[in-house]
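Trainee:
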């Protein structure tokens, strides 16, 4: 685990080294009132570079030199805006002033009830939707005609179901993954690709598949000048969240997650070994950095393959510069401000329903709305329960209309998912349903 952490830190450090700098500065204001917007997010799309506005609405970004950037401006109460920026070789400072429109002005009360039922986002009589991710105000989808391992494609569409571009997938796709800064990776059975989109054209750049789990997925999120990552390994009974400081390249632990019952069972695996195997575990542990005899013993007994084994689950979300960590093994929601200052440790029990099988051990976040939901399954229908981050209580729940939907994701007050009616010839469509 120590070795993995060191490799990950090297990867993070290399990813933030800059050669030459460009200064992007400006002011963000309310489009209707002209007043400055405080704590608005300014993010360079598909990178970890970003900042937030001061009380007067001003912001400043120092970036590595590139000819073109796409900036993403967002705030909890305003509509997201994208802005393409070109940098001249003779000018290392670019001024970008932005007006954001309040979200409330976009709501049409006449249409709200009409959109409470599922709405088709993308449908086709020729292709199925296997997976999808959000890209700006568009959709990236993995599609296939009959089987995934033949003629599958990655497709970019707009909100009017128009296919903007598509690219053949060289292999059988298994997952479309978006990291903490919006970069999209296409994972196939034997290969992986970074999905690069330039001027609405899709390019697949080869990416080492093993590096997805080693370096991409462990990085969870960012807050201010820190990157948050974990050393989670599925078969271990504990892991830690860390904060990596981009300014001084130092890191420190934020919180350790442990399942005491699982930890005891994990260590008991060593004592189940024969005397000869115990000696072998000790010798092997000396050769493997970051592992001890208990780690080796658990690997020898295939502990993580036991049908009773359950990996740890303690998701972390950053909303409005506050870290929200759901430690289900301690039945506690931990909340941190100013990156690492613990301000709340709220007891939670929503994950202990009377019918324990209903809890699906999954949390989903709607970043645009600043809301977090717990996922349950009841009579084939997924139930989204909104959690109040101040109390840890369920404040509202939404039961989705269709049964056994796939790849459920949330954005701006809607649940998006893939669904095909049972025992029909209809292809798999992409739907959205108002929360």
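In this note's numbering, the protein residues as written are 61 to 495.
Don't be surprised by glycine CBs; every beta carbon is placed ideally from N, CA and C.
Residue 487 and residue 476: beta carbons closer than 7 Å?
Mentor: On the chain shown, residue 487 is found 427 positions in, with the first residue counted as 1. On the chain shown, residue 476 is found 416 positions in, with the first residue counted as 1. No, the pair does not count as a contact, with Cβ atoms beyond the cut-off.
Trainee: Which residues does DSSP list as the beta-bridge partners of residue 402?
Mentor: As a working mapping, residue 402 is identified with position 342 in the chain shown. For residue 402, which the question treats as bridged, DSSP gives the partners 396.
Trainee: Distance, Cα to Cα, residue 444 vs residue 201?
Mentor: As a first step, residue 444 must be located in the chain shown, where it is residue number 384. As a first step, residue 201 must be located in the chain shown, where it is residue number 141. Whole-angstrom Cα-Cα distance: 24 Å.
Trainee: Return helix, strand or coil for residue 79, following the three-state DSSP convention.
Mentor: Here residue 79 refers to the residue found at position 19 when the chain shown is read from its first residue. Confidence at residue 79 is low in this model, with a pLDDT of 44, below 50, so the placement of that residue should be treated as unreliable; the coordinate-derived value is given next. Note: residue 79 maps to coil in three-state DSSP.
Trainee: Could you give the distance in angstroms between the alpha-carbon of residue 349 and the alpha-carbon of residue 356?
Mentor: Taking the first residue of the chain shown as 1, we reach residue 349 at position 289. Taking the first residue of the chain shown as 1, we reach residue 356 at position 296. Rounded to whole angstroms, residue 349 to residue 356 spans 11 Å at the Cα level.
Trainee: Are residue 454 and residue 410 closer than 7 Å when you measure CB to CB?
Mentor: By one-based count along the chain shown, residue 454 stands at place 394. By one-based count along the chain shown, residue 410 stands at place 350. Result yes, Cβ atoms of residue 454 and residue 410 sit closer than 7 Å.
Trainee: Would the beta-carbon of residue 473 be found less than 6 Å away from any heavy atom of the ligand NAP?
Mentor: The ligand content of the structure shown is nil, which means the ligand NAP is not present either.
Trainee: State the start and end residues of the unbroken beta strand (DSSP E) segment that holds residue 103.
Mentor: Against the chain shown, residue 103 aligns to sequence position 43. It spans 101 to 104 - the beta strand (DSSP E) in which residue 103 sits, taken as one unbroken run.
Trainee: Under three-state DSSP, which class holds residue 85?
Mentor: The sequence position of residue 85 within the chain shown is 25, counting from 1. Of the three classes helix, strand and coil, the one that applies to residue 85 here is strand, per DSSP.
Trainee: Per DSSP, what kind of secondary structure is residue 434 in: helix, strand or coil?
Mentor: Position 374 of the chain shown, counted from the first residue, corresponds to residue 434. Reduced to three states, the DSSP call for residue 434 is strand.
Trainee: With distances taken between CB atoms, is the gap from residue 395 to residue 387 smaller than 7 Å?
Mentor: Translated into positions along the chain shown, residue 395 becomes position 335. Translated into positions along the chain shown, residue 387 becomes position 327. It is not a contact, given that the beta carbons lie outside the stated cut-off.
Trainee: Leaving out five residues before and five after residue 217 in sequence, what residues of the same chain have Cβ atoms less than 7 Å from its Cβ?
Mentor: Here the question's residue 217 lines up with position 157 in the chain shown. Hits under 7 Å: 182, 198, 199, 201, 223, 224.
Trainee: When you compare each of 196, 319, 495 to residue 432 by their alpha carbons, which one comes out closest?
Mentor: On the chain shown, residue 432 is found 372 positions in, with the first residue counted as 1. For the residues 196, 319, 495, the minimum Cα distance to residue 432 belongs to 495.
Trainee: For residue 420, which three-state DSSP category applies?
Mentor: Position 360 of the chain shown, counted from the first residue, corresponds to residue 420. Residue 420: strand per DSSP, three-state reduction.
Trainee: Could you check what DSSP says for residue 369 in three-state terms: helix, strand or coil?
Mentor: As a position in the chain shown, residue 369 is number 309, starting the count at 1. DSSP places residue 369 in coil when its eight states are reduced to three.
Trainee: Kindly indicate the opening and closing residues of the alpha helix (DSSP H) around residue 126.
Mentor: Translated into the one-based positions of the chain shown, residue 126 becomes position 66. It is not in any alpha helix (DSSP H) - residue 126 carries neither H nor E in the DSSP assignment.
Trainee: Would you kindly work out how many angstroms separate the C-alpha atoms of residue 263 and residue 245, rounded to a whole number?
Mentor: Along the chain shown, one-based indexing puts residue 263 at 203. Along the chain shown, one-based indexing puts residue 245 at 185. When rounded, the distance between both Cα atoms is 11 Å.
Trainee: Where does residue 291 land, buried or exposed, given buried means 16+ other C-beta within 10 angstroms?
Mentor: Your numbering for residue 291 matches position 231 in the chain shown. By the neighbour-count rule (16 or more Cβ atoms within 10 Å), residue 291 is buried.
Trainee: Run through the DSSP bridge pairs and tell me what residue 192 is partnered with.
Mentor: Position 132 of the chain shown, counted from the first residue, corresponds to residue 192. DSSP output for residue 192 lists 201 as bridge partner(s).
Trainee: Who are residue 500's beta bridge partners in DSSP?
Mentor: Lying before the first or after the last residue shown, residue 500 is absent from the chain, which here runs from 61 to 495.
Trainee: Since I believe residue 88 is in contact with residue 136 (beta carbons under 8 Å), could you give me their beta-carbon distance rounded to a whole number of angstroms?
Mentor: Translated into positions along the chain shown, residue 136 becomes position 76. Translated into positions along the chain shown, residue 88 becomes position 28. Contact doesn't hold; Cβ gap of about 13 Å is too wide.
Trainee: Report the rounded CA-to-CA distance for residue 242 versus residue 195, giving the unit in angstroms.
Mentor: The residue given as residue 242 occupies position 182 in the chain shown. The residue given as residue 195 occupies position 135 in the chain shown. Taking the straight line joining both Cα atoms gives about 8 Å.
Trainee: So is residue 265 in contact with chain D if we call contact Cβ pairs under 7 Å?
Mentor: You won't find chain D in this structure, because it holds only one protein chain.
Trainee: Which of helix, strand or coil does DSSP assign to residue 356?
Mentor: Translated into the one-based positions of the chain shown, residue 356 becomes position 296. Helix.
Trainee: Using 7 Å as the threshold, is the C-beta distance between residue 280 and residue 376 below it?
Mentor: Here residue 280 refers to the residue found at position 220 of the chain shown. Here residue 376 refers to the residue found at position 316 of the chain shown. Result yes, Cβ atoms of residue 280 and residue 376 sit closer than 7 Å.
Trainee: Ignoring anything shorter than 3 residues or poking outside the region 203 to 284, list the beta strand (DSSP E) runs there in chain order.
Mentor: As far as the region 203 to 284 is concerned, its whole beta strand (DSSP E) runs of at least 3 residues are 213 to 217, 223 to 228, 233 to 238, 244 to 248, 252 to 258, 261 to 267, 279 to 283.
Trainee: With distance defined between alpha-carbon atoms, name the residue in 158, 131, 157 nearest to residue 145.
Mentor: Here residue 145 refers to the residue found at position 85 of the chain shown. The residue with the shortest Cα to Cα distance from residue 145 is 131.
Trainee: Assuming the contact rule is C-beta atoms closer than 8 Å, residue 286 and residue 303 should be a hit. Round their C-beta distance to whole Å, please.
Mentor: To locate residue 286, count along the chain shown from 1; it is residue 226. To locate residue 303, count along the chain shown from 1; it is residue 243. Residue 286 to residue 303, Cβ: 4 Å. Contact.
Trainee: In the DSSP assignment, find the beta strand (DSSP E) that holds residue 463 and state where it starts and stops.
Mentor: Your numbering for residue 463 matches position 403 in the chain shown. Residues 454 to 463.
Trainee: For residue 171, which three-state DSSP category applies?
Mentor: Position 111 of the chain shown, counted from the first residue, corresponds to residue 171. With a pLDDT of only 40 at residue 171, under the threshold of 50, the placement of this residue in the model should not be trusted; the figure read from the coordinates follows. Residue 171: helix per DSSP, three-state reduction.
Trainee: Per DSSP, residue 155 forms a beta bridge with which residues?
Mentor: Here residue 155 refers to the residue found at position 95 when the chain shown is read from its first residue. DSSP, once it has assigned bridges, lists 85 as partnering residue 155.
Trainee: Indicate the three-state DSSP secondary structure (helix, strand or coil) for residue 296 in the structure shown.
Mentor: Locating residue 296 in the chain shown gives position 236, counting from the first residue. Reduced to three states, the DSSP call for residue 296 is coil.
Trainee: Does the distance from the CB of residue 372 to the CB of residue 430 come in under 7 Å?
Mentor: On the chain shown, residue 372 is found 312 positions in, with the first residue counted as 1. On the chain shown, residue 430 is found 370 positions in, with the first residue counted as 1. Result no, Cβ atoms of residue 372 and residue 430 do not sit closer than 7 Å.
Trainee: Considering just the uninterrupted stretch of the alpha helix (DSSP H) at residue 329, what are its terminal residues?
Mentor: As a first step, residue 329 must be located in the chain shown, where it is residue number 269. 320 to 331 is the span of the alpha helix (DSSP H), which, as asked, contains residue 329.
Trainee: Looking only at its chain, what residues have a beta carbon closer than 6 Å to the beta carbon of residue 99, apart from the 5 residues adjacent to it on each side?
Mentor: Numbered from its first residue, the chain shown carries residue 99 at position 39. Contacts found: 112.
Trainee: Looking only at its own chain, which residues have a Cβ that is under 8 Å from the Cβ of residue 478, when we skip the five neighbours before and after it?
Mentor: Along the chain shown, one-based indexing puts residue 478 at 418. Within the same chain, residue 478 has close Cβ partners 189, 190, 191, 192, 465, 466, 467, 488, 489, 490, 491.
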